[in-house]
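Novice:
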Amino acid sequence: MGENAEPARFLASRFDYIIVGGGTAGSVLAARLSEDATVKVGVLEAGKSRVGDAHVDSPWGISQMLSNPEYDWALETTPQAGTNGRVHHLSGGKMLGGSSGINFMSYCRPSAADIDHWGRGGIQGWTWGELAPYYSKAQCLEHDVSRRDDLGSIKTCLPKWDLPIEPAMIDALNTAAGTVMPSDPWYGNHLGFYKSLSTLDYGTTSEATKQRCPTRSYAASGYLAPVMHRKNLQVLDEATVCRVSLVTEPTKAPRARWVHFWYRGSCHRILATREIILCAGSLHSPHLLELSGIGDPDVLHTAGIPCQVALPDVGNNLREHPMASVTYHLQTPEDILPRGPTSHDRKQNTTACPFSLTGFLPYTALAPADKIEHTIANARSGITDTDTATTRTTTHLLARLQDPESAAVQLIGYPRGLNLGSQSPDRGSYSLLVIGSHPISHGSCHVQSGDPFAMPRIDPGILQESPDVDVLAAGVAFADQVFHSKHLVGRIAERAHPGPSIDFTDPNQAKEFVRQSAVAFNHSIGTCAMGYVVDDRLQVKGVAGLRVVDASVIPLHIDGNPVSTVYALAERASDLIREESRRRLSTL
Numbered sequence: 001m002g003e004n005a006e007p008a009r010f011l012a013s014r015f016d017y018i019i020v021g022g023g024t025a026g027s028v029l030a031a032r033l034s035e036d037a038t039v040k041v042g043v044l045e046a047g048k049s050r051v052g053d054a055h056v057d058s059p060w061g062i063s064q065m066l067s068n069p070e071y072d073w074a075l076e077t078t079p080q081a082g083t084n085g086r087v088h089h090l091s092g093g094k095m096l097g098g099s100s101g102i103n104f105m106s107y108c109r110p111s112a113a114d115i116d117h118w119g120r121g122g123i124q125g126w127t128w129g130e131l132a133p134y135y136s137k138a139q140c141l142e143h144d145v146s147r148r149d150d151l152g153s154i155k156t157c158l159p160k161w162d163l164p165i166e167p168a169m170i171d172a173l174n175t176a177a178g179t180v181m182p183s184d185p186w187y188g189n190h191l192g193f194y195k196s197l198s199t200l201d202y203g204t205t206s207e208a209t210k211q212r213c214p215t216r217s218y219a220a221s222g223y224l225a226p227v228m229h230r231k232n233l234q235v236l237d238e239a240t241v242c243r244v245s246l247v248t249e250p251t252k253a254p255r256a257r258w259v260h261f262w263y264r265g266s267c268h269r270i271l272a273t274r275e276i277i278l279c280a281g282s283l284h285s286p287h288l289l290e291l292s293g294i295g296d297p298d299v300l301h302t303a304g305i306p307c308q309v310a311l312p313d314v315g316n317n318l319r320e321h322p323m324a325s326v327t328y329h330l331q332t333p334e335d336i337l338p339r340g341p342t343s344h345d346r347k348q349n350t351t352a353c354p355f356s357l358t359g360f361l362p363y364t365a366l367a368p369a370d371k372i373e374h375t376i377a378n379a380r381s382g383i384t385d386t387d388t389a390t391t392r393t394t395t396h397l398l399a400r401l402q403d404p405e406s407a408a409v410q411l412i413g414y415p416r417g418l419n420l421g422s423q424s425p426d427r428g429s430y431s432l433l434v435i436g437s438h439p440i441s442h443g444s445c446h447v448q449s450g451d452p453f454a455m456p457r458i459d460p461g462i463l464q465e466s467p468d469v470d471v472l473a474a475g476v477a478f479a480d481q482v483f484h485s486k487h488l489v490g491r492i493a494e495r496a497h498p499g500p501s502i503d504f505t506d507p508n509q510a511k512e513f514v515r516q517s518a519v520a521f522n523h524s525i526g527t528c529a530m531g532y533v534v535d536d537r538l539q540v541k542g543v544a545g546l547r548v549v550d551a552s553v554i555p556l557h558i559d560g561n562p563v564s565t566v567y568a569l570a571e572r573a574s575d576l577i578r579e580e581s582r583r584r585l586s587t588l
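If you're matching positions, the sequence shown starts at 1 in the numbering used here and goes up one per residue.
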C-alpha cells in the first residue's frame, strides 16, 4: 500500500471532497472519486491503517481484534430491557476499511424485496433492479477458486473443501423447513439453505510456507491499497473529526464547508470546495451530525450544543439484528475437519471459513398460522397512534411475517461452540446461529455532550417488541429440532448450549432463553435514514454540500449481514456524486 498523506501536505491542501471515515463505504468513495485526476480527495480516518497487519489479513486473527481497543471501537449499549437489563457490546473496525476489516468475513446479499421495500416512503432510485449491478461491480465472485474471474475489488469464495457434516446439515435444515437449496441465492431470492461465501482471497502465497493461503479481502486492501499512489488522493489516519461547520448565506440553505479534527494533540480545520461526505457508520455519523448542530433541537439543547439545522430524525430509527444460538456436541471431531488432501489444507479451511453454511426462512416455516396471528394481534394491540411513520413501518413489518416469501430469520452454521463451556475439544461441537432479519424493535444513538471524544448514548431497543421475541424464539426452537433430524443420526451427541433443562417445545421457555442469551449481531443501521435524514441522493436535508454514505442511511433492515449492501450503496453513491459534478460543470 502506498504511503498515507504527509500531515503538513494534507493540512495545506484544498480538497474538492473530504471523506470523513475511511471505513467500508469511505474506502469505496475514495477510490472511485479519485479516478478523476482533476478532482482532489481527502480522507480523514480516526483509526490506523492496518493494511498488511497479520491480525487483519489472517482469517484466524479475529479473536485478537475483537474488544481490543487498537482495532475495535468496542462501544456499549445502555442496559436493554428486552434482554433482561443486559448491556451489549458493539464491535466496529477502528482502522482503514472499518468493520470490513474486523468482521467474520461472511458475505451474503439481501432479497430483492428487501431493497424494493426502501421505496415505500417515496424514495426513488433504490430498487433492487437499480442497485443489483453495484453488488456485482464491488464483488469478485469465485465459485471455483481455481477459476480467477477478477471483476470486483472484493474477493469472495466458497470453502475449498466441505466439512463432512455439512451436506447432511443442509439436508436436515431444508427438510425441516420444507425448503430446497436455492440455485443462486446471491441474486435476490435466497430462501432455503446453502454453503456460505466468505470475503477471502485464496490467491496469496505465504512467505513462510510458499503455499497459497487465504487472506481477508476488505475495503482497505481491495479499494484503497491499489490506488494510494494517486497524486490527487490523500489519506490521513489517526485523525478524529470533531464537527462540520456550516456557512450561511441569505435565502440559501446552510452549506457545509469546513471539517474540524484533532490530529496529534492539536485541532485543525480543512476546507471542502464541493462536498463533505460522512462515512463514519451507523453509530458515528449521527453523532457527528449532532456535534455539528444538526439534529433534534431538544437533544442538542440537553447536550449543550447550539442548533444550526433542526432535523429531528437524526440518530433515531437505530435497528440491530438480534442473535441467539444452539450448540450440540458431536459424536466425533472428524465431522468438522474438512476433506482436504493435506493437514495444512484442512487446518487452513477450518480457520479461514468460520461460517460454513447459511440460509433464510419465513416465519410461516417456523410457526403455525394461529401462532402467527397471535404474534401480529398482540403487537397491534399496543399501537395507539396509527398515523405516524413508525407505526406505518411496524404495520409493514408485521405484514411481512405472514408472507411465505419474506425471510424472518437467518440461520448460520458454525462448526464449533459459540459459548464458554459449549466447545468439546475431544468430540467437537456445532452451533446454529439464529438471527432476526427484520426487527420491529428500534431505538436511538444520540450525542451526550459537546465533547467529540465522549461516546454517544446507544439504545437499540433489542427485543423490546414482542414480535421480535416470538420470531427469535421460534427460530431457536427450529434450530434445536434440526439437530434431531434423521439426516444427522449417529453424528450428534448431547446439547451443550443451552443445557438440557431448557425445553424448546415450551414457547415460554424458548422466549425466556432468547431474552437471557440474545446478543446484538453488530449490524446497526438506520440512524441517518433515507427519506428522514437524507434524501434519495444521500444529501443531508436542509444542508448543502453534506452527504452521508454508510449503513446509517439504510431505512429498513435487510436479510443477512449488511457489508455487501454497504459496498453496493457506496458504489452507487459514487456514481451519483460524479453525475452531479458533471452536470454542475456543464452549466458553467
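Backbone N, C-alpha and C fix where the C-beta goes; we use that ideal spot for every residue, glycine too. Note that the structure is predicted; figures quoted are calculated from it, not measured.
How would you call P79, buried or exposed, if buried means at least 16 neighbouring beta carbons within 10 angstroms?
Specialist: The residue labelled residue 79 in the question sits at position 79 within the sequence shown. P79 should be labelled exposed.
Novice: Quick one: residues in its chain with C-beta nearer than 7 angstroms to the C-beta of T375, no 5 flanking neighbours on either side, listed in chain order?
Specialist: Residue mapping note: residue 375 aligns to position 375 of the sequence shown, counting from 1. Cβ within range, chain order: L401, P467, D470.
Novice: Please check the pair P362 and A407, which I expect to be a contact at CB under 8 angstroms, by giving their CB distance rounded to whole angstroms.
Specialist: Residue 362 sits at position 362 when you count from the first residue of the sequence shown. Residue 407 sits at position 407 when you count from the first residue of the sequence shown. About 6 angstroms separates the two Cβ atoms, so the contact holds.
Novice: Based on the DSSP output, what are the partners of C213 in its beta bridges?
Specialist: What you label residue 213 is simply residue 213 of the sequence shown in a count that begins at 1. DSSP output for C213 lists T204 as bridge partner(s).
Novice: What is the DSSP secondary structure of T24, counted as helix, strand or coil?
Specialist: Along the sequence shown, read from residue 1 onward, the residue named residue 24 stands at position 24. Note: T24 maps to helix in three-state DSSP.
Novice: Figure out for me which residue from V409, V20, V326 has the closest Cα to the Cα of L289.
Specialist: As a first step, residue 289 must be located in the sequence shown, where it is residue number 289. Here the closest residue by C-alpha is V20.
Novice: The beta strand (DSSP E) with F521 in it runs from where to where?
Specialist: Walking along the sequence shown from the start, residue 521 turns up at place 521. First-last for F521: undefined, no H or E at that position.
Novice: The alpha helix (DSSP H) spanning S591 covers which residue range?
Specialist: With the chain covering only 1 through 588, there is no way to say anything about residue 591.
Novice: Quick one: what's W118 bridged to in DSSP?
Specialist: Numbered from 1 along the sequence shown, position 118 holds the residue referred to as residue 118. Per DSSP, none; premise fails for W118.
Novice: Can you tell which of R583, F193, P226 has its C-alpha closest to the C-alpha of V28?
Specialist: The sequence position of residue 28 within the sequence shown is 28, counting from 1. For the residues R583, F193, P226, the minimum Cα distance to V28 belongs to P226.
Novice: Whose C-beta lies closer than 6 angstroms to the C-beta of A570 among residues of the same chain, with five residues either side of it excluded?
Specialist: Position 570 of the sequence shown, counted from the start, is the residue given in the question as residue 570. Once the five neighbours on either side are set aside, the close Cβ partners of A570 are A25, V28, L29, V549.
Novice: Assign P354 to one of three DSSP states: helix, strand, or coil.
Specialist: Looking up residue 354 in the sequence shown gives position 354. DSSP places P354 in coil when its eight states are reduced to three.
Novice: Which residue comes first and which comes last in the alpha helix (DSSP H) that contains H396?
Specialist: One-based indexing of the sequence shown puts residue 396 at position 396. Unbroken alpha helix (DSSP H) run through H396: 389–400.
Novice: Is the region 170–181 in contact with the region 483–503, if contact means three or more CB pairs nearer than 8 angstroms?
Specialist: The answer is yes - the region 483–503 touches the region 170–181, with three or more Cβ pairs under 8 angstroms.
Novice: Using 8 angstroms as the threshold, is the C-beta distance between V309 and P254 below it?
Specialist: Your numbering for residue 309 matches position 309 in the sequence shown. Your numbering for residue 254 matches position 254 in the sequence shown. Against a cut-off of 8 angstroms, the Cβ pair of P254 and V309 comes out as a contact.
Novice: Between which two residues does the alpha helix (DSSP H) holding E373 run?
Specialist: The sequence position of residue 373 within the sequence shown is 373, counting from 1. Segment 369–380, the alpha helix (DSSP H) holding E373.
Novice: Would you mind sorting L373 into buried or exposed? The rule is 16 or more other CB atoms within 10 Å of its CB.
Specialist: If you number the sequence shown from 1, residue 373 lands on position 373. Checking the sequence, you will find Glu at residue 373 rather than Leu. It counts as exposed.
Novice: Count the other C-beta atoms from every protein chain shown that fall within 10 angstroms of the C-beta of P214, then say buried if there are 16 or more, exposed otherwise.
Specialist: If you number the sequence shown from 1, residue 214 lands on position 214. Flag for P214 reads buried.
Novice: Which of the three DSSP states, helix, strand or coil, is assigned to Q481?
Specialist: What you label residue 481 is simply residue 481 of the sequence shown in a count that begins at 1. Three-state result, Q481: helix.
Novice: Using the three-state DSSP reduction, which class does Y363 fall into: helix, strand or coil?
Specialist: Here residue 363 is taken as the residue at index 363 of the sequence shown, counted from 1. DSSP places Y363 in helix when its eight states are reduced to three.
Novice: Buried or exposed for K231, please, with buried defined as at least 16 other CB atoms from any protein chain shown within 10 angstroms of its CB.
Specialist: Numbered from its first residue, the sequence shown carries residue 231 at position 231. It counts as exposed.
Novice: Below 8 angstroms between beta carbons: does that hold for A496 and T332?
Specialist: Here residue 496 corresponds to residue number 496 of the sequence shown, with the count starting at 1. Here residue 332 corresponds to residue number 332 of the sequence shown, with the count starting at 1. Contact flag unset, no.
Novice: Mind checking whether G281 and G443 have CB atoms under 8 angstroms apart?
Specialist: Numbered from 1 along the sequence shown, position 281 holds the residue referred to as residue 281. Numbered from 1 along the sequence shown, position 443 holds the residue referred to as residue 443. No, the pair does not count as a contact, with Cβ atoms beyond the cut-off.
Novice: DSSP on G545, reduced to helix/strand/coil?
Specialist: As a position in the sequence shown, residue 545 is number 545, starting the count at 1. It is coil, neither helix nor strand.
Novice: Could you name the residues that DSSP lists as bridge partners for D72?
Specialist: To locate residue 72, count along the sequence shown from 1; it is residue 72. Note: D72 sits in a beta bridge opposite G93.
Novice: What's the call for A518, buried or exposed, on a 16-neighbour Cβ count within 10 Å?
Specialist: Counting from 1 along the sequence shown, the entry for residue 518 is found at position 518. Result: buried.
Novice: At which residues does the alpha helix (DSSP H) containing V595 begin and terminate?
Specialist: What the structure shows of the chain is the stretch from 1 to 588, and residue 595 is not part of that stretch, so it cannot be assessed.
Novice: Which one or two residues does DSSP pair with D57 in a beta bridge?
Specialist: Here residue 57 corresponds to residue number 57 of the sequence shown, with the count starting at 1. Partner(s): none; D57 has no beta bridge.
Novice: Classify G499: buried if its beta carbon has 16 or more other beta carbons within 10 angstroms, exposed otherwise.
Specialist: One-based indexing of the sequence shown puts residue 499 at position 499. Its Cβ having fewer than 16 others within 10 Å, G499 is exposed.
Novice: What number of angstroms, rounded off, separates the C-alpha of V180 from the C-alpha of G192?
Specialist: In the sequence shown, residue 180 corresponds to position 180, counting from 1. In the sequence shown, residue 192 corresponds to position 192, counting from 1. V180 and G192: Cα-Cα distance of roughly 6 angstroms.
Novice: Tell me whether D284 is buried or exposed, calling it buried when 16 or more other Cβ atoms sit within 10 Å of its Cβ.
Specialist: Translated into the one-based positions of the sequence shown, residue 284 becomes position 284. According to the sequence displayed, residue 284 carries His and not Asp. With 16 or more other Cβ atoms within 10 Å, it is buried.
Novice: Ordered along the chain, which non-local residues of its own chain (more than five positions away) have a Cβ less than 7 angstroms from that of L233?
Specialist: In the sequence shown, counting from the first residue as 1, residue 233 sits at position 233. Only A30, S34, V41, V227 meet the Cβ criterion.
Novice: Going by beta carbon distance, what residues of the same chain come within less than 6 angstroms of A46, once the five residues before and after it are set aside?
Specialist: Translated into the one-based positions of the sequence shown, residue 46 becomes position 46. The answer, listed in chain order, is T240.
Novice: Hey, out of A303, A365, T83, T156, whose CA is closest to P460's CA?
Specialist: Looking up residue 460 in the sequence shown gives position 460. Minimum Cα distance to P460 is reached at T83.
Novice: With DSSP as the reference, identify every bridge partner of L271, one or two as the case may be.
Specialist: Position 271 of the sequence shown, counted from the first residue, corresponds to residue 271. Paired residue(s): W258.
Novice: Name the residue from S429, A544, V482 whose alpha carbon lies nearest to the alpha carbon of L330.
Specialist: Position 330 of the sequence shown, counted from the first residue, corresponds to residue 330. Of S429, A544, V482, the residue nearest in Cα terms is S429.
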